[in-house]
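Below is one structure, written out as structure tokens, with a few remarks after it.
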Amino acid sequence: MEQVSIVKEYVDAFLEELLRLPLTREVEFMIELMTGIALILITLYWVAPTELKELKIQLQKLLGYKFIRPSVSPWGALVLFVKKKDGSMRLCIDYRQLNRATIKNKYPLPHIDLRFGYYQLWVKKKDVPKTAFRTRYGHYGFLVMPFGLTNAPVTFLDLMNRVFHQYLDWFVVVFIDDILIYSLKELVHAEHLRVLMKTLLEKQLLAGYYR
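Using our numbering, read the sequence shown as starting at 2 and increasing by one per residue.
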């Protein structure tokens with residue numbers, strides 16, 4: 002029960018979705034390309050009317066949060082939708098060709114497939130044009146790290162390790178965006194949880210609902 006009350010105390014760390022731009026952080030998302038890579042620009046294809054309607058809604062939301070901006074970049078991936086468990090649709094950008102051309106970050110990464118901390122890191126200014134995507138309603142680029150880019154998980158893990166550096170292997174273990182807290186005693190565990198929640202709020206890092 003103590004743990005539940007602590008989570009309620011820091012309820013602002015458990016928003017359903019990000020509602021603001023991230024802080025300026027010590028880690029930025031970068032896209033380094035292999036030598037000799039040409040610009041990647043994909044031709045638009047037909048999209049179902051239901052998806053077009055959803056696309057317009059989600060673009061307006063991303064623009065409203067300033068996660069994206071109109072772009073004149075010569076780069077351009079396409080959008081696609083993935084149906085979520087609740088039946089709603091998640092807007093994704095098909096970055097497969099860009100990912101194949103990207104130099105992979107060698108930062109040590111656990112072999113765990115998770116949803117990373119997208120939108121919680123800034124994209125390095127020079128790399129914003131590479132994130133560009135094309136739609137019937139315009140050409141846009143991401144200012145914050147989008148879902149689907151090859152080095153997103155390792156970049157976010159790097160950030161998490163820096164944020165929780167002083168607590169690692171003391172009472173915290175980080176697996177990309179999953180955080181494990183371990184303690185020998187319940188009272189100590191409650192204090193460790195409070196430290197974790199406070200850190201997340203201070204760094205404006207959004208957490209999934211406590212399980």
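Even glycine gets a Cβ: it sits at the ideal position worked out from N, Cα and C.
These numbers were taken from a predicted model, which means no experiment stands behind them.
query                                                                                                                                                                                         : result
Pick helix, strand or coil for Phe157, following the three-state DSSP scheme.                                                                                                                 : helix
Can you check DSSP and say which residues form a bridge with Gly65?                                                                                                                           : The partner list for Gly65 (beta bridge, DSSP) is empty, contrary to what the question assumes.
Where are the alpha helix (DSSP H) runs, 4 residues long or more, that stay fully inside the stretch 93 to 152, in chain order?                                                               : 97 to 102
According to DSSP, which residues form a beta bridge with Lys84?                                                                                                                              : Met90
If the criterion is Cβ atoms closer than 9 Å, does the pair Leu144 and Leu22 meet it?                                                                                                         : yes
For a quick check, are the C-beta atoms of Arg26 and Leu160 less than 9 Å apart?                                                                                                              : yes
Buried or exposed: where does His193 fall if 16 or more other Cβ atoms within 10 Å of its Cβ makes it buried?                                                                                 : buried
So what's Ile180 in DSSP terms, helix, strand or just coil?                                                                                                                                   : strand
For Pro154, tell me which candidate among Tyr183, Leu185 and Lys105 has the shortest Cα-Cα distance.                                                                                          : Lys105
Less than 9 Å between the beta carbons of Leu206 and Gly118, yes or no?                                                                                                                       : yes
Using C-beta distances below 6 Å, list every residue in its chain close to Ser74, excluding the 5 sequence neighbours before and after it, in chain order.                                    : Pro130, Ala133 and Gly142
Please go through the same chain and pick out, in chain order, the residues whose beta-carbon is closer than 6 Å to the beta-carbon of Lys125, but skip the five residues on each side of it. : Glu29 and Met31
Can you tell me the Cα-Cα spacing of Cys93 and Thr51, whole angstroms?                                                                                                                        : 15 Å
If you draw a straight line from the C-alpha of Tyr168 to the C-alpha of Phe148, how long is it?                                                                                              : 28 Å
From this set, Tyr120, Val48, Leu24 and Thr36, which residue's C-alpha is nearest Tyr138's C-alpha?                                                                                           : Val48
For His190, report the span of its alpha helix (DSSP H) as first-last.                                                                                                                        : Glu187 to Glu203
Who are the near neighbours of Arg70 in its chain, counting only those whose CB is closer than 7 Å to its CB and skipping five residues on each side?                                         : Tyr141, Gly142 and Leu144
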